[in-house]
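In our numbering, the protein residues as written are 382 to 541.
This is the structure we're talking about:
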């Protein structure tokens with residue numbers, strides 16, 4: 382366990398450009414290493430799941446695209462894939478680690494179908510410009526892992 386925590390700390394210090402990724406990865410690994418048994422969670426109400434999916438899609442659009450036009454196009458692409466209409470707030474409000482952590486906590490006990498729709502929104506938002514960077518692909522894979530929907534490795538330039 383100490384070796385794993387050391388690896389986590391080393392990864393966090395090496396990957397400053399992937400701050401969101403490392404924080405989510407560290408959170409996921411530390412929760413898996415936790416000695417406390419998790420209590421079963423109640424399934425969240427569908428309205429909470431829908432709002433969480435919208436917020437996660439908007440967060441991915443903000444993470445993947447720096448200008449507002451590209452963010453809006455990414456959210457529109459995600460809406461076409463999932464049927465969920467997300468709204469991107471101005472600034473970086475959608476990308477705080479606390480917000481993404483709270484969103485993922487809401488989505489974890491949701492049904493597989495609901496989690497799959499949220500993940501498809503993330504994929505579509507990340508690929509809204511027709512290109513997925515390695516960082517975006519790995520972040521999508523990490524979110525999939527947290528949502529218990531593991532994905533195979535995504536190669537650079539691969540269509541999603």
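Each residue gets a CB set at the ideal place from its N, CA and C atoms; glycine is no exception. Just so it is clear, the structure is predicted and the values come from calculations on it, not from any experiment.
Review point. Which value, in whole angstroms, describes the spacing of the CA atoms of residue 438 and residue 431?
Key: Between residue 438 and residue 431, the alpha-carbon positions lie close to 11 Å from each other.
Check your understanding: Would a C-beta distance cut-off of 8 Å place residue 524 and residue 500 closer than the cut-off?
Key -> The answer is yes: Cβ separation under 8 Å.
Check your understanding: How big is the Cα-Cα spacing for residue 529 and residue 489?
Key -> Cα-Cα distance, rounded: 8 Å.
Exercise for review: Check residue 442 in the structure and name its three-state DSSP category.
Suggested key: Residue state, collapsed to three classes: helix.
**Study point:** Residue burial classification, residue 418 (beta-carbon count within 10 angstroms, cutoff 16)
**Key:** Because the pLDDT at residue 418 is just 43, under 50, the model does not fix this residue reliably, and the point stays unresolved.
Review point. What's the C-alpha gap between residue 428 and residue 466?
Key: For residue 428 and residue 466, the distance between alpha carbons rounds to 13 Å.
**Study point:** Euclidean distance between Cα positions of residue 420 and residue 532
**Key:** In this prediction, residue 420 has a pLDDT of 43, which is less than 50 and means its spatial position is unreliable; nothing more can be read from the coordinates.
Review point. Where does residue 508 sit, in a helix, a strand or coil, going by DSSP?
Key: Residue 508: coil per DSSP, three-state reduction.
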